[in-house]
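A quick write-up on the structure given underneath.
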């Protein structure tokens, strides 16, 4: 437990102080955020705000974790190292995207295909290693499993290894892109991420206390290294807290794709390793809603232009838009909501989603021992 406190506290301190210096450095280098011309006009004042601040979140997390292990004199575990690999690997893809944007001073960085290739390589390597027998512990547990999971594995369905790796890839790329879509207002993605990672800190602490390694009860958890995963979750939470100090409205720095892609991938990693893959849909409900809004907007727009049957059934005109603008937070901007109001209310929605997810997680355990 000391490692959790040290990891979270040190990451917060490193992020809080490091972001201040990152703002100065990126400003001197001219690494300012380009703004899309077709976005809300209120965002044009943000043009030139330093970006790539997610690099500080990643650095603070990694340094905070290893410092906590050094202070407590405990060795790193395979699960934690894999999660950090996922965080850094996807973050590197985002960093390259951000660097191309600021160097070209254009809102287009990596092409979507190139970005997907980068996410795919990291996601597949992560999935392969997480399912590899080489990383089995003395009980035969691996960081990930070849089962689909909600609160724990569905034991009746064993996925072929290739299918399990592809499922991991899908979760990683889906979650990383979902958080990336949410990173559109000052403090929105960072604040919501704090709540999600705090939830996974609690989930891992509880799984450690009820681990099958300690007792062979019917509702124990077969999760490898839950306590060390809690250290990583606490470190990311602390790093996001420190960054949010500078990223809250009016933002002095933006996390960019470096941070949003990395944080989304880390959420996926926790869901996979804690055997709560489908529960992430509830805990990360805000990110799901934002992603679905984009999917609905694009689908309806294309169908209304291509299909006369669709237009007649739903009584819409060609090029119909369900929302004024997507992702979802921009829709509320177009309705006249203040950015701060949107961010705070979306944080509230995230809090409700997290509370619901944790409630379901705990209720399943209570019902199982009742």
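In this note's numbering, the protein residues as written are 708 to 1077. Every residue gets a Cβ at the ideal spot worked out from N, C-alpha and C, and that includes glycine.
CA-CA distance, residue 1038 and residue 1023?
19 Å
Under the three-state reduction of DSSP, which class applies to residue 1036: helix, strand or coil?
helix
Whole angstroms are fine: how far does the CA of residue 838 sit from the CA of residue 1021?
46 Å
Measure the CB-CB distance between residue 940 and residue 908 and report whether it falls below 7 Å.
yes
As assigned by DSSP and simplified to three states, the class of residue 1071:
helix
Mapping the DSSP letters down to three states, classify residue 757 as helix, strand or coil.
strand
Quick check: what's the CA-CA separation for residue 790 versus residue 976?
6 Å
Using CA atoms only, rank isn't needed, just tell me which of 1026, 819, 852 and 822 is closest to residue 835.
852
List, from N- to C-terminal side, the alpha helix (DSSP H) runs of 4 residues or more that fit wholly inside the segment 852-896.
868-889
Could you tell me how far apart the beta carbons of residue 916 and residue 971 are, in whole angstroms, since I believe they sit closer than 8 Å?
Their Cβ separation, rounded to whole angstroms, is 28 Å, which puts residue 916 and residue 971 out of contact at 8 Å.
Closest by CA to residue 762, which one among 722, 776 and 735?
722
Which partner residues does residue 918 have in the DSSP bridge list?
928
Select from 1059, 720 and 926 the residue whose C-alpha is nearest the C-alpha of residue 770.
720
Given 8 Å, three or more beta-carbon pairs between the segment 883-902 and the segment 920-937
no
Cβ neighbour criterion (16 or more within 10 Å) applied to residue 764:
buried
For a test of the three-state rule: what should DSSP assign to residue 751, helix, strand or coil?
With a pLDDT of 49 at residue 751, under the threshold of 50, the modelled position of that residue is not reliable, and no figure is offered here.
Beta-carbon spacing of residue 960, residue 783 below 7 Å:
no
For a quick check, are the C-beta atoms of residue 936 and residue 857 less than 7 Å apart?
no
Report buried or exposed for residue 1009, applying the criterion of at least 16 other Cβ atoms within 10 angstroms of its Cβ.
exposed
Output the boundary residues of the alpha helix (DSSP H) element that contains residue 811.
785-811
In or out: residue 708 buried (at least 16 other Cβ within 10 Å) or exposed?
exposed
List the endpoints of the continuous alpha helix (DSSP H) containing residue 1021.
1015-1021
Identify, in the order they occur along the chain, each residue of the same chain with its Cβ nearer than 8 Å to the Cβ of residue 820, setting aside the five sequence neighbours on each side.
none
Report the CB separation of residue 714 from residue 772 in whole angstroms; it is logged as a contact under 8 Å.
5 Å
Contact check, residue 768 vs residue 810 under 8 Å by CB: the rounded distance?
With 8 Å as the limit, residue 768 and residue 810 do not qualify as a contact, their Cβ atoms being about 26 Å apart.
Three-state secondary structure assigned by DSSP to residue 1029:
coil
Take residue 792 and list the residues in its own chain whose beta-carbon comes closer than 7 Å to its own, dropping the five residues that flank it on each side.
833
Between which two residues does the alpha helix (DSSP H) holding residue 967 run?
963-980
Report yes if the C-beta distance between residue 775 and residue 729 is below 7 Å; otherwise report no.
no
State buried or exposed for residue 736, treating a residue as buried only when at least 16 other CB atoms are found within 10 Å of its CB.
exposed
Are at least three pairs of beta-carbons, each pair with one atom in the segment 944-951 and one in the segment 994-1004, less than 8 Å apart?
no
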